[in-house]
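Trainee:
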Amino acid sequence: MTVPLSMTRAGSGEPLLLLHGMGSSRRDFTAVADQLAERFDVLNVDLPGVGRSPVLKRRPRVAAIADAVEATLDAEGVGAVHVLGNSLGARVALELAVRGRARSVVAIAPSGLNVPLERAFQGTGMALARVVTRTTAPLIEPLSRSAPGRVTLLAPLKARAWSTSPEEAIGAREGFADSRDFWRTLLWGLLLDVPRGLDRIDCPVTLVQGVVDWVASGQTVRYLPLVPGSRFRPLLRAGHAPQSDRPRTIVRLVEEAARRAGQLAESSALRYEHRNRAPAIASVNLASQAGSSDGKAV
412 MTVPLSMTRA GSGEPLLLLH GMGSSRRDFT AVADQLAERF DVLNVDLPGV GRSPVLKRRP
472 RVAAIADAVE ATLDAEGVGA VHVLGNSLGA RVALELAVRG RARSVVAIAP SGLNVPLERA
532 FQGTGMALAR VVTRTTAPLI EPLSRSAPGR VTLLAPLKAR AWSTSPEEAI GAREGFADSR
592 DFWRTLLWGL LLDVPRGLDR IDCPVTLVQG VVDWVASGQT VRYLPLVPGS RFRPLLRAGH
652 APQSDRPRTI VRLVEEAARR AGQLAESSAL RYEHRNRAPA IASVNLASQA GSSDGKAV
């Protein structure tokens, strides 16, 4: 059994799961959570080892993290969900789609398809961020109260870091300095992860990447030929975690993906109804023809 992850839940409508990236917490969706809650039943989760979420006893591979997320959805009585994920959270979102647990996915800069040199670069940057934030942790909350302070803290992740909220800066502390399983997650969840089974995804997937994203190294577009029917959307003036760089655009992309999922479901239902009606219509026609033949014989 997997202990459910810590989460908040707000709004009403179809369920929407928010999955943050490594080096952050659910606070990273502060800029879009309220707007999304006007349209969706929003479940905003802290990944394992972050906030009050428990550390996984197993190696924190993407599959194990996805298991923990699924257990959380089960505990909430939620089935298939729309998913908005960023970085490692976007990679987990795609894993949920492979398993058939996602209705639609908006994946912002998903990890998993970078080449060895890019992985080394990303791993070094993440490790350095861990060391720096652990050292300066007492200063993060005071710095978060001013725009210049937030730029200092979040500039590597955000193109418009001055427009972020103090919540997002605290999220960076929770994800980097306070994470209780940082090094294992970095190794097993990011550096050694290789996506599999992406061809089994049958829900709408929108791949998103900020053009000022130096962390993901352009790997997002590599998912396009691997995920059937996926779409790619670059974001101008946006970084690796662009939720506060382009909040309205992010909300619109989630709504569009959910709308596409609804249209596909309606189309599938119509095809199913047509297939089931065809034999019945054929039977009625045969019965009618038989009746007509009997009348002629009389």
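Plus 411 on top of the position in the sequence shown (first one is 1) and you've got the numbering used here. The beta carbon of each residue, even a glycine, is placed where N, CA and C say it ideally should be.
If you draw a straight line from the C-alpha of Leu429 to the C-alpha of Pro606, how long is it?
Mentor: 20 Å
Trainee: DSSP three-state call for Ser555: helix, strand or coil?
Mentor: helix
Trainee: Should the region 523-538 be called in touch with the region 450-469, which here means at least 3 C-beta pairs below 8 Å?
Mentor: The way I'd put it, the region 523-538 doesn't touch the region 450-469; fewer than three beta-carbon pairs between them come closer than 8 Å.
Trainee: Name the DSSP beta bridge partners of Thr419, please?
Mentor: Asn455
Trainee: Does the count of Cβ pairs from the region 642-657 and the region 440-452 closer than 8 Å reach three?
Mentor: yes
Trainee: Could you have a look at Leu428 and say whether DSSP puts it in helix, strand or coil?
Mentor: Strand.
Trainee: So what's Arg510 in DSSP terms, helix, strand or just coil?
Mentor: coil
Trainee: By how many angstroms is the C-alpha of Ala479 removed from the C-alpha of Gly434?
Mentor: Cα-Cα distance, rounded: 18 Å.
Trainee: Which first and last residues belong to the beta strand (DSSP E) in which Gln620 is found?
Mentor: Val616 to Gly621
Trainee: Starting from the N-terminal side, write out each stretch of the alpha helix (DSSP H) that is 4 residues or longer and does not extend beyond the region 468-533.
Mentor: 473-486 and 499-509
Trainee: According to DSSP, simplified to helix, strand and coil, what is Leu603?
Mentor: coil
Trainee: Quick check on the DSSP output: the beta strand (DSSP E) that includes Leu646 runs from which residue to which?
Mentor: In this chain, the beta strand (DSSP E) harbouring Leu646 covers Arg642 to Leu646.
Trainee: Determine, using beta carbons only, whether Val662 and Leu427 come nearer to each other than 8 Å.
Mentor: no
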